[in-house]
Each structure stands twice: as C-alpha cells, then as structure tokens.
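Sequential numbering of the sequence shown, starting at 49, is according to the working numbering.
Every residue gets a Cβ at the ideal spot worked out from N, C-alpha and C, and that includes glycine.
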Amino acid sequence: MGPRESRWRNAVLALILATRFADASPRGTDINGVVSIADGDPFTVIRGDELRRGARGVTLIAGDIVETGPDTFLVVELQEGCLIGIGPSSGVYFLSRPGVATLIVLTGWLKADIRTEAKSGTISVLGLRLGIQSQQAVVLLHADEHFDAIFDEQGSGTLLLRDTAATHIDKETQPNQFFVREDRSEVVLQPHPSADFLARMPAAFRDTLPGQPSASSRSPLEPQRVRKVTYLDIQPWLTLPRDWRAGFITRFRGRLKDPAFFAAMDAHLALYPEWVPILHPKQGSEPR
C-alpha cells in the first residue's frame with residue numbers, strides 16, 4: 049500500500065472513530081417546536097445574537113428566547129406532541145439540558161400539556177422561584193415580579209424549588225393542587241387555585257390547548273431577522289441564575305464590538321461578574 053492509500057485509510061478510520069465517540073457522548077435534550085397558533089400582537093424571538101420576528105408556522109429551537117406582547121397568545125407544538133401555550137406579556141427561554149427539555153419563564157404565563165414517554169425524558173417548566181417537572185401532566189405557571197404560582201391541572205409531577213445556583217427536587221404534586229412561592233419563602237400549598245390567579249389567567253388558558261395535527265408536517269419557517277440585539281433586548285436575561293445563563297458569553301460576546309453595547313455592559317458589570325475578564329482582560333483570566 050502506497051503513502052496516498054495509507055493516508056486515505058487513516059483518514060477514513062479517524063472519521064469513523066470520531067463519529068462513534070460523538071454518538072456515545074452525552075447530549076442535551078433538544079427542544080424543537082412549531083408555532084401552530086399565533087393570535088394577537090406580534091412576538092419576537094432572540095436567536096443567537098439576533099432579534100427576529102415570529103409568526104405562525106415558525107420553528108423554535110433550543111436557545112431561543114420568546115417574548116410576547118400584551119395581547120399575544122401562542123401555541124407551540126413540540127416534537128413529542130406536547131403543547132406549550134405562551135400567554136401575553138411573557139418571556140420564555142427554551143433551554144436544553146441533559147435528559148430534560150426545560151422552559152424558563154422569566155415573566156408572564158405558560159401552560160404545558162406534557163405528553164412524553166419515559167424514553168423521551170421529561171419536561172421542566174421553571175420560574176425563578178418555583179417549577180414543576182413531569183412526563184404526563186397539564187400544568188400552568190405564572191411568573192410575577194414577586195412570586196411564582198403553579199397549578200397542577202391534570203396528572204402529576206415533581207415540584208422544583210429554586211435556591212441559589214441549584215434546582216432542588218422537593219415533592220410529588222397531585223391534580224388540582226396550587227403552589228405559590230415568594231422570594232426565598234416557603235412554598236404555600238392550596239387545594240385549588242386562588243381567586244386572584246383565576247381572575248388574572250389568560251382566557252385562552254381556561255380551555256384545553258388547541259392542537260394543530262398538521263403543524264409538525266409543514267415546511268419549517270425561520271423567524272424573520274430584524275437586527276442584532278441591543279443591551280436592552282437581553283438585559284433581563286443576563287441576570288438569570290448562573291447555570292441558566294451559561295453560554296451567554298460565547299453567544300453575545302460579538303456584540304461588544306458595538307460601543308453602546310459595551311458601555312451598557314460595562315456600567316452593569318456588578319450584575320454579571322463573569323463578564324469582567326471579557327471586558328477588562330487585565331483584571332482576571334477568562335472563564336473556561
């Protein structure tokens with residue numbers, strides 16, 4: 049065998065080995081969904097470091113941040129047939145985690161009709177103070193400025209408490225239970241939703257989320273690019289708990305080339321100290 053054939057054989061062998069190792073490596077649970085219903089005001093999607101405009105039929109993927117207007121109602125059909133309803137004036141981050149598709153609700157309303165199989169993992173719906181994880185349930189989460197509220201409408205799940213940098217599994221939930229937690233307070237359990245919760249609930253959430261069987265079979269649509277994000281676009285998300293915002297440096301670092309973005313980040317560095325060595329390398333080594 050000549051040198052050329054030997055190099056070719058080695059290259060093929062290396063590719064096969066790399067593919068096998070890649071297949072064996074741990075992966076996150078990718079979130080893929082299609083917006084099957086988009087009523088009311090337009091909504092935006094932050095994908096990568098771009099602000100995009102969403103519409104009915106667009107695909108949503110892990111890493112997307114969805115923000116709705118005051119009169120918006122969305123239904124997202126996930127790859128396993130789960131339905132996610134996003135209410136008005138809401139912000140939801142589609143986070144990928146090993147074995148668990150995770151939806152972070154920074155503010156507003158989310159209703160999840162969860163229908164996964166054991167082999168498909170679970171879905172977590174998390175606020176800053178309280179969350180729930182399940183494979184078969186219908187749950188609502190309302191994230192307010194001062195508290196999170198969860199209503200287990202059907203099925204059961206695992207209640208998740210958020211403290212410091214860790215998410216702690218606490219207890220199993222039952223249908224019709226209602227949980228409220230204010231900042232770093234104990235969880236308050238009630239046998240049914242409060243009158244205030246029901247009064248503020250979006251009207252569309254009072255009924256079963258409407259599915260669109262043909263949504264997942266349509267040709268995928270990309271959200272329309274509008275512009276690069278500004279500091280104000282992402283400021284609320286930059287202060288998420290550290291483990292949730294992991295990867296934001298890589299994602300948004302390129303925006304530091306914009307003097308206005310750099311100046312705004314620099315003025316608020318106390319809120320996200322991991323950016324200090326990025327903006328001012330001489331003050332410390334960069335995080336790995």
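Which residues in the same chain as residue i place their Cβ atom closer than 7 Å to its Cβ, once the five residues preceding and following it in sequence are excluded?
{"i": "Gly302", "result": "Asp97"}
{"i": "Asp281", "result": "Ile94 and Leu99"}
{"i": "Arg299", "result": "Gly96 and Asp97"}
{"i": "Leu237", "result": "Gln225 and Phe227"}
{"i": "Asp255", "result": "none"}
Less than 8 Å between the C-beta atoms of residue i and residue j, yes or no?
{"i": "Val173", "j": "Ala160", "result": "yes"}
{"i": "Thr164", "j": "Cys130", "result": "yes"}
{"i": "Gly156", "j": "Gly133", "result": "no"}
{"i": "Ser138", "j": "Leu151", "result": "no"}
{"i": "Gly205", "j": "Ser242", "result": "no"}
{"i": "Val82", "j": "Leu122", "result": "no"}
{"i": "Ala185", "j": "Asp200", "result": "yes"}
{"i": "Arg210", "j": "Leu178", "result": "yes"}
Pull up the DSSP beta-bridge partners for residue i, would you.
{"i": "Ala191", "result": "Gly156 and Asp196"}
{"i": "Ala86", "result": "Leu122"}
{"i": "Thr256", "result": "Bridge partners of Thr256: none, in fact."}
{"i": "Asn80", "result": "Ile109"}
{"i": "Ile282", "result": "DSSP output for Ile282 lists no bridge partner at all."}
{"i": "Glu115", "result": "Thr92 and Gly139"}
{"i": "Gln238", "result": "Phe226"}
{"i": "Val148", "result": "Arg145 and Thr170"}
{"i": "Phe207", "result": "Residue identity check: residue 207 is Leu in the sequence provided, not Phe. Answer is Ile180 and Lys219, bridged to Leu207."}
Run the CB neighbour count on residue i, radius 10 Å, all protein chains shown included, and call it buried at 16 or more, exposed below.
{"i": "Ala86", "result": "buried"}
{"i": "Leu207", "result": "buried"}
{"i": "Arg355", "result": "Past the boundaries of the shown model lies residue 355; the chain is included only from 49 to 336, so the question cannot be answered."}
{"i": "Ala149", "result": "buried"}
{"i": "Pro223", "result": "exposed"}
{"i": "Gly295", "result": "exposed"}
{"i": "Gly143", "result": "For clarity, residue 143 is Leu in the given sequence; the question names Gly instead. Classification for Leu143: buried."}
{"i": "Asp352", "result": "Because the chain spans 49 through 336 in this model, residue 352 falls outside it and cannot be assessed."}
{"i": "Glu125", "result": "buried"}
{"i": "Arg293", "result": "buried"}
{"i": "Leu176", "result": "buried"}
{"i": "Pro329", "result": "exposed"}
{"i": "His190", "result": "buried"}
{"i": "Pro146", "result": "exposed"}
{"i": "Pro239", "result": "exposed"}
{"i": "Arg229", "result": "buried"}
Once you ignore the five residues that flank residue i on each side, which residues in its own chain have a CB closer than 6 Å to its CB?
{"i": "Phe310", "result": "Leu304"}
{"i": "Pro268", "result": "Thr107"}
{"i": "Asp314", "result": "Leu327"}
{"i": "Gly102", "result": "Phe91, Val93 and Pro271"}
{"i": "Thr221", "result": "Asp200, Ser204, Gly205 and Leu207"}
{"i": "Thr170", "result": "Val148, Gln181 and Gln183"}
Please list, in chain order, all residues of the same chain as residue i whose beta carbon is under 8 Å from its beta carbon, the five residues on each side excluded.
{"i": "Phe253", "result": "Gly133, Gly135, Trp157, Lys159 and Leu188"}
{"i": "Leu319", "result": "Leu286 and Thr287"}
{"i": "Phe69", "result": "Confidence is the limiting factor: at Phe69 the pLDDT is only 29, short of 50, which leaves the residue's position unreliable, though a coordinate-based value still follows. Cβ within range, chain order: n/a, list empty."}
{"i": "Lys276", "result": "Asp97, Glu98, Leu99, Arg303 and Asp306"}
field: Three-pair Cβ contact test at 8 Å for the region 88 to 96 versus the region 110 to 121
entry: yes
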